[in-house]
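Q: Quick one: structure below, then a few questions.
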Amino acid sequence: MSKLIRPQALPLSVLEAQYYVDQFNATYGDILDRGDYDAWVELFTEDCLYKVIPRENHDAGLPLATMALESRGMLKDRAYGITTTLFHAPYYQRHVIGVAQILNDNGSEIRATANYSVFRTKPGSVSEIYNVGRYLDLFLREGAGLKLKERVCVFDSEMILNSMIYPI
Amino acid sequence: MNIAPSPLPPLDTLPTWQDAGSSRIPFWAYTDPQVYRRELERMFYGHGHWCYVALEAELPKFGDYKISYVGERQVIVVRERDGSLNVVENRCAHRGVRFCQKPRGNARSFVCPYHQWTYKLNGDLAGLPFRQGVKKDDGEVQGGMPADFDMKQHGLTKLKVAVYNGLVFATFDQDAPSFEEYIGADVLPWLNRIFDGRKLTILGTNRQRIPGNWKLMMENIKDPYHPGLLHTWFVTFGLWRADQQSRMVMDEHGRHAVMISQRNAGGEAKAVTEGVTSFKKDMALNDMRLLDVVPEYWWKGPTVTMITLFPSVIIQQQVNSLSTRHIVPSGPDSFDFVWTHFGFEEDDEEMTRRRLRQANLFGPAGFVSADDGEVIEFSQSGFRQKGADGATLCELDGRGVAPTQHMVTETLIRGMYGYWRKVMEL
Ligand code: FES
Ligand SMILES: [Fe+2]
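Chains A and B, in that order, give the protein sequences. To convert, take the position in the first sequence, counting from 1, and add 114; that gives my numbering. To convert, take the position in the second sequence, counting from 1, and add 697; that gives my numbering.
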């Protein structure tokens, strides 16, 4: 991955990016944990890319993802699928997203990564570790905030616990 | 290497199938551990059954290997120097160690880490440390294997292998019939339609662990009744529904099957959408690329063929999306479902993108297959709840078994259980 060597003391500009990305990720996790998929769609740019891909494929350079959405329109179609067309047992998600690592910031775009784990809790059941991985992100600075131009969720979990209905 | 199955429990400890025929499947067929044990022995390890292990394109080069499964047994599929493929059991002939731990790789030989017994790629034992003992300075030899130790008797378990137009199957049953014979003349042409010898390209893998009996997945893809009801996308966009021109094909034993159908325009045809809650009259996609279907020259009519090759694999062609779905059972209550999506070397970039986009419909998160895993889990929960007392009911279109020219039928499921009863002697 990146050859970037972190300086001992971060320049203020990196700290600023760090702050923005961490705040964004906190909101992102919260929105998904509350099941607000319309709000989730709004976190992306119009021509965004959202992928959830097994690490096995990612490392081997194979393109197949578990979810691969190439525009905000496709995200909307997924959101509609979740709420209206996909039959499934409900479950809670709980995202725990680690501190982001800022890889690059050119003033308009920020490249960053962050580790995540997602727990699943089904009604009347114990909590399970559902999906563990890493976000590979490209953010666009937009006004005072950020939007996701690209989020690739590369997950370690070698087995999906039955199905994956909600985004990660 | 002796691979004789361990002795089975006497017949009378197994439950009895009360009804005639195969239209009522007792819940114990999905939950009973003794029944499952016999299934492993007879369906996955014996009785001439071939099991899917890989696509050839996953192992292009000499020495390429991957770990796969036949039933619950882990095997290694590996490419020989001469281009042929071997399948050997991943279990050391010395003390039973599962020696290969990397899921994929390239090797010239297999070495068990415990005592470094070394095997050729075909499973033959090539050597072992201290076979002749250890010679001390005074010439005395300590230890070593007995003089009659025969290297030839102590290789890995070798499976019989069939490579068929890019598909790789294996069986522990050395007396199994040829693969073509196993598939049968009725189903083989449908396999040839996809696998005609063209080179495949691998797009990637998805893995899901489904808490249900393995047969439920076979049933699901022998059940043309549900897709137009459970899956909104199928009924709304006309990918699979009861007013389409369809055919249900099976082999002479009723174990393998093909569901064949031709897509129609979708929309509201009252006979098949009225009262169907999954039908969404006004649904439209925000991004049409998810369903950008382009007919391919080799389809020759049908837009979908779902092939179940008993007991281990489903082969899917649904419009431009292609996959093999490998069933790896794990006890009566659970199985792993491994999807390998593929295309053809002749595909241009656009077609590859299209296949990848349409892959959003399939797999563990798929718009039309995530719910299959879900209902299988609910089925198993229901069976457990009712214990040995109940049975499923598969009597749509009668109680007999015969190919049909429509999809309003559960005949393929009855076909499979008719065969199952025979082999299981239950
Ligand atoms: S167990 Fe494999 S070499 Fe001893
Ligand atoms: Fe289905």
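Cβ coordinates follow ideal geometry from the N, Cα and C atoms, glycine included. Just so it is clear, the structure is predicted and the values come from calculations on it, not from any experiment.
(1) Given a cut-off of 8 Å on the beta-carbon distance, is the pair B:R952 and B:M1113 in contact?
(2) If contact means a Cβ-Cβ distance below 7 Å, which residues of the segment 899-918 of chain B contact chain A?
(3) Buried or exposed: where does B:Q905 fall if 16 or more other Cβ atoms within 10 Å of its Cβ makes it buried?
(4) List, in order along the chain, the chain A residues whose C-beta lies closer than 8 Å to that of B:P1061?
(5) Under a CB-based cut-off of 8 Å, is B:E1074 close to chain A?
(6) Which same chain residues end up closer than 8 Å to B:S806 when comparing Cβ atoms and leaving out the 5 residues on each side of it in sequence?
(7) Which partner residues of B:V954 appear in the DSSP bridge assignment?
(8) Which residues bound the beta strand (DSSP E) around A:L129?
(9) Under 8 Å between the Cβ atoms of A:G149 and B:N983?
(10) Could you tell me the distance, in whole angstroms, from the CA atom of B:P810 to the CA atom of B:E786?
(11) Looking only at its chain, what residues have a beta carbon closer than 6 Å to the beta carbon of A:V268, apart from the 5 residues adjacent to it on each side?
(12) To be precise: take each residue of the segment 951-985 of chain B, compare its Cβ to all Cβ atoms of chain A, and keep it if any distance is under 9 Å. Which residues remain?
(13) Using beta-carbon positions only, say whether A:T180 and B:G1060 come within less than 8 Å of one another.
(14) Using 10 angstroms around the beta-carbon of B:D847, count the other beta-carbons present and answer buried if the total reaches 16, otherwise exposed.
(15) Would A:Y164 pass as a contact of A:L189 if the rule is Cβ separation under 8 Å?
(16) Determine the DSSP secondary structure at B:K849, reduced to helix, strand or coil.
(17) Closest to B:S1018 by CA distance: which of B:H1038, B:W930 and B:F1034 is it?
(18) Express the C-alpha separation of B:Y742 and B:Q839 in angstroms, rounding to a whole number.
(19) What are the residues in the segment 200-224 of chain A lying within 9 Å of chain B by C-beta distance?
(20) Does any C-beta atom of chain A lie closer than 8 Å to the C-beta of B:G1070?
(21) Should B:S875 be listed as close to ligand 2, given that the test is whether its C-beta is under 7 Å from any heavy atom?
(22) Quickly, what does DSSP pair B:N783 with across the bridge? List them, please.
(23) Which parts of the segment 147-199 of chain A are runs of the alpha helix (DSSP H), unbroken and 4 residues or longer, counting only runs that do not cross its ends?
(24) Kindly say whether B:A939, judged by its beta-carbon, lies nearer than 8 Å to any beta-carbon of chain A.
(25) Taking B:P826 as the reference, give the member of B:Q813, B:G836, B:G820 and B:K833 with the closest Cα.
(26) Among B:T1002, B:N917, B:S1009 and B:T898, which one has its Cα closest to the Cα of B:A754?
(27) When every heavy atom of ligand 2 is checked, does at least one fall within less than 7 Å of the C-beta of B:S943?
(28) Nearest to B:N803 by CA position, among B:A790, B:G836, B:I764 and B:G768, is which residue?
(29) Does any heavy atom of ligand 1 sit closer than 7 Å to the C-beta of B:Q813?
(30) Which of the residues in the segment 1042-1067 of chain B, read from start to end, lie with their CB under 8 Å from any CB of chain A?
(31) A:Q207 and A:Y280 - do their beta-carbons sit closer together than 8 Å?
(32) Any C-beta of chain B sitting closer than 8 Å to the C-beta of A:T198?
(33) When burial is assigned at 16 or more other CB atoms within 10 Å of the CB, is B:V1025 buried or exposed?
(34) Mapping DSSP to helix, strand and coil, what is B:S1076?
(35) Let's see if you can read the secondary structure: which residues bound the alpha helix (DSSP H) around B:F931?
(36) Using CA coordinates, which residue listed in A:L275, A:E256, A:V266 and A:S277 is at the minimum distance from A:E156?
A: From the atom records:
(1) yes
(2) I899, L900, G901, T902, N903, R904, Q905, R906, I907 and P908
(3) buried
(4) T180, I274, N276, S277 and M278
(5) yes
(6) T815, Y816, K817, L818 and A823
(7) A quick correction: the sequence has Ala, not Val, at residue 954 of chain B. DSSP, once it has assigned bridges, lists B:M947 and B:T1005 as partnering B:A954.
(8) Element bounds for A:L129: not the beta strand (DSSP E) but the alpha helix (DSSP H), L126 to R148.
(9) no
(10) 16 Å
(11) I167, R169, H172, G247 and R248
(12) S975, K977, M980, L982, N983, D984 and M985
(13) yes
(14) exposed
(15) yes
(16) helix
(17) B:H1038
(18) 41 Å
(19) L200, F201, H202 and A203
(20) yes
(21) no
(22) B:V775
(23) 151-156, 169-174 and 186-194
(24) no
(25) B:Q813
(26) B:T898
(27) no
(28) B:I764
(29) yes
(30) T1049, L1053, R1054, A1056, N1057, G1060, P1061, A1062, F1064 and A1067
(31) yes
(32) yes
(33) buried
(34) helix
(35) T929 to T933
(36) A:E256
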